[in-house]
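A short write-up of the structure that comes next.
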Amino acid sequence: MRILVIHSHPVEESFNKALFKLVCDSLAKAGHDVDACDLYAEGFDPVMSAHDRRIYHSYPENTELVKPYVDRLRAAEALVFVTPVWNFGFPAMLKGYFDRVWTMGVSFDLEDGKLTPTLRHIRKVAAVMSYGATRWRATLAGNPPKKVIHRVIRGQVKIGAPVRFMAHYDMNNCTPETRAAFMEKVRKEMENF
Ligand SMILES: Cc1cc2nc3c(=O)[nH]c(=O)nc-3n(C[C@H](O)[C@H](O)[C@H](O)COP(=O)(O)O)c2cc1C
418 MRILVIHSHP VEESFNKALF KLVCDSLAKA GHDVDACDLY AEGFDPVMSA HDRRIYHSYP
478 ENTELVKPYV DRLRAAEALV FVTPVWNFGF PAMLKGYFDR VWTMGVSFDL EDGKLTPTLR
538 HIRKVAAVMS YGATRWRATL AGNPPKKVIH RVIRGQVKIG APVRFMAHYD MNNCTPETRA
598 AFMEKVRKEM ENF
């Protein structure tokens, strides 16, 4: 499968960067065609300008500034997100990627007020996340990033596509053992993706 791996962490030596590399390597080892998209390293601009907002509903003009990212999304058959959770949401970099790339004519069509999802070619989704909070505290906060993956992204891709959510919670109290155990779990999942 052609798999687009989307990653948002600015620090090269971070746990998340290690997860990103592990995900890409494990998928490649399993024979997949991996498109590794490291948003910070690629210098993606996540800021929606006044111009971008004005043309948000004007397809294909709205895709012109982010065309390579639109092409990569369209070429993908599966998606894997690798990201930390910041303020119980995605880092602004990843949020901006969704805002600017998953635009009208790309992730949905809108005709006479009727919205139709258009990423039905995506057959599988996974998310690999890390939280400072415990699972309990994240649940108490409503765990918005988990809901976005399970409810929003799921609704946009192929109907019935499997969606796998993996998280290392409680990073504030993590140890080399908890990190290694999580990486092993991710490695196995990705090698059998
Ligand atoms: C700006 C910022 C905001 C954060 N907000 C949250 C949060 O709302 N909930 C949470 O569980 N962890 C939060 N964290 C903790 C990160 O999720 C945690 O540091 C990260 O998952 C650890 O992975 P890393 O070492 O790869 O950065 C935040 C961290 C930063 C830097």
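Counting in my numbering, the sequence shown runs from 418 upward without gaps. Positions of the beta carbon are idealized from the N, C-alpha and C atoms, including for glycine. Note that the structure is predicted; figures quoted are calculated from it, not measured.
(request) Inspect the CB distances between the stretch 532–548 and the stretch 442–458 and report whether three or more fall short of 8 Å. (result) no
(request) In angstroms with no decimal places, state the Cα-to-Cα distance between Leu436 and Met465. (result) Looking up residue 436 in the sequence shown gives position 19. Looking up residue 465 in the sequence shown gives position 48. Their backbone Cα atoms lie some 28 Å apart in a straight line.
(request) Out of Ala453, Lys484, Asp462, Val603, state which residue places its alpha-carbon closest to the alpha-carbon of Val422. (result) Here residue 422 refers to the residue found at position 5 of the sequence shown. Cα-wise, what sits closest to Val422 is Ala453.
(request) Could you please go through the chain and list the residues whose beta-carbon is closer than 5 Å to any non-hydrogen atom of ligand 1? (result) Ser431, Phe432, Asn433, Pro501, Val502, Trp503, Asn504, Phe505, Ser547, Tyr548, Gly549, Ala550, Met588
(request) Within its chain, find whatever has a CB closer than 8 Å to the CB of Ala492; leave out the 5 residues flanking it on each side and keep chain order. (result) Stepping through the sequence shown from its first residue, residue 492 is reached at position 75. Excluding residues within five positions, the ones whose Cβ falls inside 8 Å are Arg419, Leu421, Asp452.
(request) Sort out for me which residues DSSP pairs Phe525 with in a bridge. (result) Within the sequence shown, residue 525 is the residue found at index 108, counting from 1. Phe525 pairs with Met521, Pro534.
(message) Can you give me the C-alpha to C-alpha distance between Asn589 and Asn560, rounded to a whole angstrom?
(response) If you number the sequence shown from 1, residue 589 lands on position 172. If you number the sequence shown from 1, residue 560 lands on position 143. So the alpha carbons of these two residues sit roughly 17 Å apart.
(request) Report yes if the CB atom of Val613 is closer than 7 Å to the CB atom of Val518, and no otherwise. (result) What the structure shows of the chain is the stretch from 418 to 610, and residue 613 is not part of that stretch, so it cannot be assessed.
(message) Please state the DSSP three-state secondary structure of Thr556.
(response) As a position in the sequence shown, residue 556 is number 139, starting the count at 1. Thr556: helix per DSSP, three-state reduction.
(message) Across the stretch 478–492 and the stretch 441–448, are there enough close Cβ pairs to call them in contact, namely three or more that are closer than 8 Å?
(response) no
(request) Check whether the Cβ atoms of Ser443 and Glu608 lie closer than 7 Å to each other. (result) Along the sequence shown, one-based indexing puts residue 443 at 26. Along the sequence shown, one-based indexing puts residue 608 at 191. Against a cut-off of 7 Å, the Cβ pair of Glu608 and Ser443 comes out as a contact.
(request) Flag this pair as touching only if the stretch 572–587 and the stretch 525–540 have three or more C-beta atom pairs under 8 Å; answer yes or no. (result) yes
(message) I'd like to know whether the C-beta atoms of Leu511 and Thr520 end up nearer to each other than 7 Å.
(response) By 1-based counting over the sequence shown, the position of residue 511 is 94. By 1-based counting over the sequence shown, the position of residue 520 is 103. No.
(message) Helix, strand or coil, according to DSSP, for Ala543 in the structure here?
(response) As a first step, residue 543 must be located in the sequence shown, where it is residue number 126. Here Ala543 sits in strand by DSSP.
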